[in-house]
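Enquirer: Line by line, the protein sequences give chains A and B.
Under the working numbering, think of the first position of the first sequence as 183, with each following residue one higher.
Under the working numbering, think of the first position of the second sequence as 183, with each following residue one higher.
Quick one: the structure is below, and I'll ask about it shortly.
There are 2 protein chains.
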Amino acid sequence: MISKSDWEAEVASLRTELLALQQKMLATTPFSVLVLIHGVDGAGKSETAQWLTEWMDPRHIQSSAFDDPTGEELERPPLYRFYRRLPPKGKMAVFFGSWYSEPIEARTGKRIGEGPFHERLDEILRLEAMLAAEGVVVLKFWFDLGKKALRKRLEDLEADEDTSFRVTKREWAHYDSVVRFRRVADEAIHAGDAAGLPWTVVDGTDVRAAGLSVGRTLRDTMRERLAAAAVAAKGKKSSSKAPKVPAAPVDTSPLRRLDLTRSIDEEAYEEEFVKLQRRLAIAQRKKRFRSLSPVILFEGMDAAGKGGAIRRLTRSIDPRRYELVPIAAPSDEERARPYLWRFWRHVPGDGRFVIFDRSWYGRVLVERVEGYCSEADWRRAYSEINDFESQLEDAGCVVVKFWLQISADEQLRRFRDREDTEWKNFKIGPDDWRNRKKWPAYEVAASEMFARTSTDRSPWTIVPANDKRYARIAVLRTVVQAIESALDR
Amino acid sequence: MISKSDWEAEVASLRTELLALQQKMLATTPFSVLVLIHGVDGAGKSETAQWLTEWMDPRHIQSSAFDDPTGEELERPPLYRFYRRLPPKGKMAVFFGSWYSEPIEARTGKRIGEGPFHERLDEILRLEAMLAAEGVVVLKFWFDLGKKALRKRLEDLEADEDTSFRVTKREWAHYDSVVRFRRVADEAIHAGDAAGLPWTVVDGTDVRAAGLSVGRTLRDTMRERLAAAAVAAKGKKSSSKAPKVPAAPVDTSPLRRLDLTRSIDEEAYEEEFVKLQRRLAIAQRKKRFRSLSPVILFEGMDAAGKGGAIRRLTRSIDPRRYELVPIAAPSDEERARPYLWRFWRHVPGDGRFVIFDRSWYGRVLVERVEGYCSEADWRRAYSEINDFESQLEDAGCVVVKFWLQISADEQLRRFRDREDTEWKNFKIGPDDWRNRKKWPAYEVAASEMFARTSTDRSPWTIVPANDKRYARIAVLRTVVQAIESALDR
Chain A
183 MISKSDWEAE
193 VASLRTELLA
203 LQQKMLATTP
213 FSVLVLIHGV
223 DGAGKSETAQ
233 WLTEWMDPRH
243 IQSSAFDDPT
253 GEELERPPLY
263 RFYRRLPPKG
273 KMAVFFGSWY
283 SEPIEARTGK
293 RIGEGPFHER
303 LDEILRLEAM
313 LAAEGVVVLK
323 FWFDLGKKAL
333 RKRLEDLEAD
343 EDTSFRVTKR
353 EWAHYDSVVR
363 FRRVADEAIH
373 AGDAAGLPWT
383 VVDGTDVRAA
393 GLSVGRTLRD
403 TMRERLAAAA
413 VAAKGKKSSS
423 KAPKVPAAPV
433 DTSPLRRLDL
443 TRSIDEEAYE
453 EEFVKLQRRL
463 AIAQRKKRFR
473 SLSPVILFEG
483 MDAAGKGGAI
493 RRLTRSIDPR
503 RYELVPIAAP
513 SDEERARPYL
523 WRFWRHVPGD
533 GRFVIFDRSW
543 YGRVLVERVE
553 GYCSEADWRR
563 AYSEINDFES
573 QLEDAGCVVV
583 KFWLQISADE
593 QLRRFRDRED
603 TEWKNFKIGP
613 DDWRNRKKWP
623 AYEVAASEMF
633 ARTSTDRSPW
643 TIVPANDKRY
653 ARIAVLRTVV
663 QAIESALDR
Chain B
183 MISKSDWEAE
193 VASLRTELLA
203 LQQKMLATTP
213 FSVLVLIHGV
223 DGAGKSETAQ
233 WLTEWMDPRH
243 IQSSAFDDPT
253 GEELERPPLY
263 RFYRRLPPKG
273 KMAVFFGSWY
283 SEPIEARTGK
293 RIGEGPFHER
303 LDEILRLEAM
313 LAAEGVVVLK
323 FWFDLGKKAL
333 RKRLEDLEAD
343 EDTSFRVTKR
353 EWAHYDSVVR
363 FRRVADEAIH
373 AGDAAGLPWT
383 VVDGTDVRAA
393 GLSVGRTLRD
403 TMRERLAAAA
413 VAAKGKKSSS
423 KAPKVPAAPV
433 DTSPLRRLDL
443 TRSIDEEAYE
453 EEFVKLQRRL
463 AIAQRKKRFR
473 SLSPVILFEG
483 MDAAGKGGAI
493 RRLTRSIDPR
503 RYELVPIAAP
513 SDEERARPYL
523 WRFWRHVPGD
533 GRFVIFDRSW
543 YGRVLVERVE
553 GYCSEADWRR
563 AYSEINDFES
573 QLEDAGCVVV
583 KFWLQISADE
593 QLRRFRDRED
603 TEWKNFKIGP
613 DDWRNRKKWP
623 AYEVAASEMF
633 ARTSTDRSPW
643 TIVPANDKRY
653 ARIAVLRTVV
663 QAIESALDR
């Protein structure tokens, strides 16, 4: 137990340090800080959160509670509500509850078994590793209190007329299940320790001491991370360089085996197109469609015909039902957050399509080839992307991924056509010619991407696109089949 | 009636023009385009929207339908759902339905009388005038069809097995009320004409002709507006200059009459603070509070103690229940939209507080004084802001506005203290000294702001803040009283 006067003296110096660190973080924006608050009720969770906002400049700390999700959140993967509250670099967020809440509660209530619980923990730890690599410093606090101490705390609160309102049936129910709750949490804490993403367990017997301990941990972490970021910033200057262009892809690449001569004549195209359009219209009218959300993305070499294929696809969808998201340079709000954030913003609600013209695969394509991110960054992206797509699929999204492939000759022909046709001029510039020189590097990157991110649920569809009609039919057919088979499931 | 071949020839040249104009708009970003689609069902509304996305680059056009609002939207003012879909400059949005839908439907169904209907139209026209001034080109299309033509359209659709699904009970109900619906719409159209914000009425008898006419109107408007923007951009260079600093405010300003010597001693402060805190806690626990959303904003001279007052206020609110929004430079996403957009993003849901540290009043304070916007811009802002706050209040927000006032001497003392105290250093810089020289201009701007934006429902509270304790108590008491009186209403 810490005396009030000792506490005040400690806090006075701690807050000066925290404030200075917060200012430095705001000024240099090397990372954001995310504080997760979990634990036994009555162990000082809300008091500590209150103190954190008092000790530092509260304008740069956002607190969020995650009780019942809203309707918009319910229509999307469970992580959506956490993603939308992620702080930008330089700022801090305090989450009451997090991605741990649901699995811990489900396991405490015995609604899930041990195996699935540990699978959930594994997913969470992969998420946290990704956030860490993307500049989100995640600090996890578990506020602990033994059963006896909890009983006393509740009785004390009830006895005081100023605080008795805080003790409701819910608090006593929590008391009843606290033994099991703590045991389940212990497993989560051990799993974090084992993965090198440890929790800080806070003894909640003395609420003031608990708050102080959290403040100190926060201070030490911020200090250490700011120092490391300063060192890293100094070292960086010499190393940022585009990687060497590798040789052409190995013979096992599906790009090598692609028959680019495939084509379809105009009449057959028209006939097939109308048929597929009708099938898509029928699929969209099915009642089950209302719980599906197709997520369709397009990648491919420049001038491979992504835009044209997208236009033929959207012609078959009610414009009120889809959003088309072109991926170009990120906005400053997007740049300040993990790279997947800008895609999470567009995750569709029930019964709606989202079409991405270029996508999160930019990480392992243009960012890799141009050296916009480090090798470690794009290497970890494969599994991060697989996780992301799994989350989409689990929430009812039908993920369809297209790579449109043309030959180098065909690209040259289309580039020249763009230069020669006035109304196509805007589609060609020096960047395109520059990228063309990196063709082999893009083929290597694409081939590795197919190998690592073609999953059972969302395989890549590689479309020979020298013949535009052939490519457009292939795209539409693949989308129709994917949606029909999701409806049958 | 236009023949198919004529139509195709017309469309071929029209789309080239539209595409070129769209590219120019994207490159120069002088404004955004918002197309509102209303009218009788079966008159070509969805066909036209589909064609627009086909004729132009669909990646820069976002279509939105406004059917049932989501839960998050229902908790906020009706305009929220439209604001969140406003396109950034350079881009285009197509809205199926808009702020007109609800009032026109309500009037058609006789749920509101003629007077209230025209009040709603007036509000809408003020909104549209604001959007126009903020660089949103709003194009309103009314697709019209006589009762006879509508009957024929529905019967034709029903007869064709490919389209019969489009005719449901809803369509026939629409047919029954179409006479009254068109009469009500006619009033909205006339009101728009009278206000210089006209509709384009589109004859829907021939759907292709209707689409073509919309495309032409869009082309003509974009062409005209791009030309005007180019002229304006050329003229601009010479004119952007900070306005002259005016004299001190007239004697009628409440700032002149403020007693800055007011103070409170520490003991009385502590006692009063605890009492007010308790009242706020009790108010928050009332069931009725769950439908209230306090919106509290702080303005005032630099170093007037806004941060300290906010901190004392938030100490009395559960951190999970409020969001604190510091207003600094806008992000690029915010800059590309009307100035109120960045505040609409933070409008709180039910039972939640939002606290703005500086606010939309920046328009008539810093932007006016520094010449960041034109005189016309800040002059129109008073009524725009009053409208915005009315919308908040109508939706259950309790709007509380504070101006913290200190004397020039007290400011000087605090500036020096900030310079001399290491951990306060970050709060003072050359900007602050520069602003201080414009003190009289800020007093003039603030005085005019009080006169024009103190309304019955949300008056300004001007707080003498030379004594920090006095100011903090005054702030907390005003918030408590505002919430209590909203609960009693």
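In this text, a Cβ means the ideal position worked out from N, Cα and C, and glycines have one as well.
Since the model is a prediction, treat every value here as computed from it, not as a measurement.
So, A:Ser-513 versus B:Ser-475, is the Cβ gap smaller than 8 angstroms?
Expert: The residue labelled residue 513 of chain A in the question sits at position 331 within the first sequence. The residue labelled residue 475 of chain B in the question sits at position 293 within the second sequence. No, the pair does not count as a contact, with Cβ atoms beyond the cut-off.
Enquirer: Under a three-way DSSP split, which group does A:Trp-585 fall into?
Expert: Residue mapping note: residue 585 of chain A aligns to position 403 of the first sequence, counting from 1. Residue state, collapsed to three classes: strand.
Enquirer: Could you tell me the alpha carbon to alpha carbon distance between A:Ala-485 and A:Thr-443, rounded to whole angstroms?
Expert: The sequence position of residue 485 of chain A within the first sequence is 303, counting from 1. The sequence position of residue 443 of chain A within the first sequence is 261, counting from 1. Rounded to the nearest angstrom, the two C-alpha atoms are 17 angstroms apart.
Enquirer: Output yes or no for whether 8 angstroms exceeds the beta carbon distance between A:Glu-310 and A:Val-320.
Expert: Mapped onto the first sequence, residue 310 of chain A falls at position 128. Mapped onto the first sequence, residue 320 of chain A falls at position 138. Yes, the Cβ-Cβ distance between A:Glu-310 and A:Val-320 is below 8 angstroms.
Enquirer: Are the C-beta of A:Asp-539 and some C-beta of chain B separated by less than 8 angstroms?
Expert: Sequence index remark: in the first sequence, residue 539 of chain A carries index 357 (1-based). Interface residue, yes.
Enquirer: Report the residues of the stretch 582-605 of chain B with a CB closer than 8 angstroms to any CB of chain A, ordered along the chain.
Expert: Trp-605
Enquirer: Can you round the beta-carbon distance between B:Leu-336 and B:Gly-417 to whole angstroms, since I take them to be within the 8 angstroms contact cut?
Expert: Stepping through the second sequence from its first residue, residue 336 of chain B is reached at position 154. Stepping through the second sequence from its first residue, residue 417 of chain B is reached at position 235. That belief does not hold up - the Cβ atoms of B:Leu-336 and B:Gly-417 are roughly 53 angstroms apart, past 8 angstroms.
Enquirer: Can you list, in chain order, the residues of the stretch 337-354 of chain B whose Cβ is nearer than 8 angstroms to any Cβ on chain A?
Expert: Asp-344, Phe-347
Enquirer: Could you tell me which chain B residues have their CB closer than 7 angstroms to the CB of A:Phe-608, listed as they occur along the chain?
Expert: Residue mapping note: residue 608 of chain A aligns to position 426 of the first sequence, counting from 1. What A:Phe-608 touches in chain B: Gln-205.
Enquirer: In angstroms with no decimal places, state the Cα-to-Cα distance between A:Gly-553 and A:Lys-619.
Expert: Position 371 of the first sequence, counted from the first residue, corresponds to residue 553 of chain A. Position 437 of the first sequence, counted from the first residue, corresponds to residue 619 of chain A. In a straight line, the C-alpha of A:Gly-553 is about 15 angstroms away from that of A:Lys-619.
Enquirer: For A:Pro-476, which residues does DSSP report across the bridge?
Expert: For the purposes of this step, residue 476 of chain A is identified with residue 294 of the first sequence, where counting begins at 1. DSSP output for A:Pro-476 lists A:Val-580 as bridge partner(s).
Enquirer: Establish whether the CB of A:Ser-556 and some CB of chain B are separated by less than 8 angstroms.
Expert: By 1-based counting over the first sequence, the position of residue 556 of chain A is 374. Judged by the 8 angstroms Cβ criterion, A:Ser-556 is not in contact with chain B.
Enquirer: For chain B, check one thing: does any of its Cβ atoms lie closer than 8 angstroms to the Cβ of A:Glu-236?
Expert: The count along the first sequence starts at 1 and reaches residue 236 of chain A at position 54. A:Glu-236 counts as touching chain B.
Enquirer: Taking the alpha-carbon positions, what's the A:Trp-283 to B:Val-456 distance?
Expert: Sequence index remark: in the first sequence, residue 283 of chain A carries index 101 (1-based). Sequence index remark: in the second sequence, residue 456 of chain B carries index 274 (1-based). Note that residue 283 of chain A corresponds to Ser in the displayed sequence, not to Trp. A straight-line Cα-Cα distance of about 34 angstroms links A:Ser-283 and B:Val-456.
Enquirer: Measure the C-alpha to C-alpha separation of B:Leu-440 and B:Ser-640 and round it to an integer number of angstroms.
Expert: Residue mapping note: residue 440 of chain B aligns to position 258 of the second sequence, counting from 1. Residue mapping note: residue 640 of chain B aligns to position 458 of the second sequence, counting from 1. Answer to the nearest angstrom: the Cα atoms are 20 angstroms apart.
Enquirer: Quick check: what's the CA-CA separation for A:Met-274 versus A:Thr-235?
Expert: Numbered from 1 along the first sequence, position 92 holds the residue referred to as residue 274 of chain A. Numbered from 1 along the first sequence, position 53 holds the residue referred to as residue 235 of chain A. Roughly 10 angstroms separates the two Cα atoms.
Enquirer: Looking at A:Ile-537: is its Cβ nearer than 8 angstroms to the Cβ of A:Ile-478?
Expert: As a position in the first sequence, residue 537 of chain A is number 355, starting the count at 1. As a position in the first sequence, residue 478 of chain A is number 296, starting the count at 1. Yes; because the gap between Cβ atoms is below 8 angstroms, this pair is in contact.
Enquirer: By a C-beta neighbour count over all protein chains shown, 10 Å radius and 16 as the cutoff for buried, is A:Val-582 buried or exposed?
Expert: One-based indexing of the first sequence puts residue 582 of chain A at position 400. Answer is buried; the Cβ neighbour count reaches 16.
Enquirer: For B:Glu-516, collect the residues of the same chain with a Cβ closer than 6 angstroms to its Cβ; drop the 5 residues on either side in sequence, then sort them by chain order.
Expert: As a position in the second sequence, residue 516 of chain B is number 334, starting the count at 1. Arg-524.
Enquirer: Would you call A:Ala-647 buried or exposed, if buried means 16 or more other Cβ atoms sit within 10 Å of its Cβ?
Expert: Numbered from its first residue, the first sequence carries residue 647 of chain A at position 465. Looking at its Cβ environment, which holds 16 or more other Cβ atoms inside 10 Å, A:Ala-647 is buried.
Enquirer: Select from the stretch 209-229 of chain B all residues with a C-beta closer than 9 angstroms to any C-beta belonging to chain A, and list them in chain order.
Expert: Ala-209, Ser-228
Enquirer: Would DSSP call B:Asp-500 helix, strand or coil?
Expert: Against the second sequence, residue 500 of chain B aligns to sequence position 318. B:Asp-500 falls in the coil class under three-state DSSP.
Enquirer: Residues in the stretch 269-298 of chain A with C-beta within 8 angstroms of chain B's C-beta atoms, listed in sequence order?
Expert: Val-276, Phe-278
Enquirer: Counting along the chain, where does the beta strand (DSSP E) carrying B:Pro-622 start and finish?
Expert: Position 440 of the second sequence, counting from 1, holds the residue named residue 622 of chain B. B:Pro-622 -> not in any beta strand (DSSP E); alpha helix (DSSP H) instead, spanning 621-635.
Enquirer: What in chain A is Cβ-close to B:Leu-201, meaning under 9 angstroms?
Expert: Reading the second sequence from its first residue, position 19 is the one you call residue 201 of chain B. Result: Trp-605, Phe-608.
Enquirer: On a CA-only basis, which of A:Gly-397, A:Arg-197, A:Ser-246 is nearest A:Ser-280? Give me that one, please.
Expert: The sequence position of residue 280 of chain A within the first sequence is 98, counting from 1. It is A:Ser-246.
Enquirer: Could you pull the start and end residues of the alpha helix (DSSP H) that A:Thr-643 belongs to?
Expert: Here residue 643 of chain A refers to the residue found at position 461 of the first sequence. Run containing A:Thr-643: none in the alpha helix (DSSP H); it sits in the beta strand (DSSP E), 642-646.
Enquirer: Between the stretch 246-271 of chain B and chain A, which residues of the former have CB atoms less than 8 angstroms from a CB of the latter, in chain order?
Expert: Under the 8 angstroms Cβ criterion, the stretch 246-271 of chain B contributes Ser-246, Ala-247, Thr-252, Gly-253, Glu-254.
Enquirer: So, does the CB of A:Leu-458 fall closer than 8 angstroms to a CB anywhere in chain B?
Expert: Position 276 of the first sequence, counted from the start, is the residue given in the question as residue 458 of chain A. No, no contact with chain B.
Enquirer: Counting only C-beta atoms, is B:Gln-573 closer than 8 angstroms to chain A at any point?
Expert: To locate residue 573 of chain B, count along the second sequence from 1; it is residue 391. B:Gln-573 does not count as touching chain A.
Enquirer: What residues from chain A crowd round B:Leu-506, counting only those whose CB sits closer than 7 angstroms?
Expert: Position 324 of the second sequence, counted from the start, is the residue given in the question as residue 506 of chain B. Within 7 angstroms of the CB of B:Leu-506, the CB atoms of chain A belong to Pro-240, Arg-241, in sequence order along the chain.
Enquirer: By the DSSP assignment, the alpha helix (DSSP H) with B:Phe-248 in it spans what residues?
Expert: Here residue 248 of chain B is taken as the residue at index 66 of the second sequence, counted from 1. It is not in any alpha helix (DSSP H) - B:Phe-248 carries neither H nor E in the DSSP assignment.
Enquirer: How about the stretch 610-617 of chain B and the stretch 558-568 of chain B: do they share at least three Cβ pairs that are nearer than 8 angstroms?
Expert: no
Enquirer: With distance defined between alpha-carbon atoms, name the residue in B:Arg-348, B:Thr-210, B:Ile-371, B:Ser-346 nearest to B:Phe-325.
Expert: Numbered from its first residue, the second sequence carries residue 325 of chain B at position 143. It is B:Ile-371.
Enquirer: Quick check on A:Met-274: does DSSP put it in helix, strand or coil?
Expert: As a working mapping, residue 274 of chain A is identified with position 92 in the first sequence. Reduced to three states, the DSSP call for A:Met-274 is strand.
Enquirer: When DSSP labels each residue in this structure, what does A:Leu-547 get in the three-state scheme?
Expert: Residue mapping note: residue 547 of chain A aligns to position 365 of the first sequence, counting from 1. Looking at A:Leu-547 - three-state DSSP - the assignment turns out to be coil, as it is neither helix nor strand.
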